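Trainee: So in the working numbering the end of the sequence shown lands on 121, straight run, no missing numbers.
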Amino acid sequence: MDFAYLDRHVVVSGAGDGRLHFWDPADGTDVGVELEPFPSAVRALRVADINGAQALIAADGYGVVRVWDMKSATWSAELDIGSGVADVAVGGDRVCVATYMGAVVLGVHLTGPDREQGNAS
């Protein structure tokens, strides 16, 4: 679970069905953000500032890591790292993914004037 700002403050949580839920903390209502679900349960998520853009990094139990530039309508990048994810940490444009087989560090680059395309390397 983490906090984010869309058009208002929201709480972001991951679920066992692979979906992310975006809640208004003032009244507990769903704010209506729908992203493509993960193949398995969401195990980790973080909201972070990456090069001036608010981004959500989330990962599931199969090792799928996704990045969402929160100004975009869909996921900005996806990478299958091949091992279940236990947690993620973000520092600058680097994401450390803790898996059940070790740790992976990724560089995240949100590109373009509207940042609608991004990548993880």
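Glycine is no exception: its CB is placed at the ideal position from the N, C-alpha and C atoms.
Only a predicted model underlies this, so the values are computations on that prediction, with no experimental measurement involved.
Where does Q117 sit, in a helix, a strand or coil, going by DSSP?
Mentor: Annotation note: pLDDT 44 at Q117 (below 50); position unreliable, coordinate value reported separately. Here Q117 sits in strand by DSSP.
Trainee: Under the three-state reduction of DSSP, which class applies to S83: helix, strand or coil?
Mentor: Correct three-state label for S83: coil.
Trainee: State yes or no: is the C-beta of A53 within less than 9 angstroms of the C-beta of V88?
Mentor: no
Trainee: So, helix, strand or coil for A58, using DSSP?
Mentor: strand
Trainee: Closer than 7 angstroms by C-beta to D2: which residues in its own chain qualify, once you throw out the five before and the five after it? Chain order, please.
Mentor: V12, L45, R46 and V47
Trainee: Report all residues from its chain with a CB closer than 7 angstroms to the CB of V104; omit the five preceding and five following residues, and keep chain order.
Mentor: I81 and V97
Trainee: How should R43 be labelled, buried or exposed, when 16 other C-beta atoms within 10 angstroms of its C-beta is the threshold for buried?
Mentor: buried
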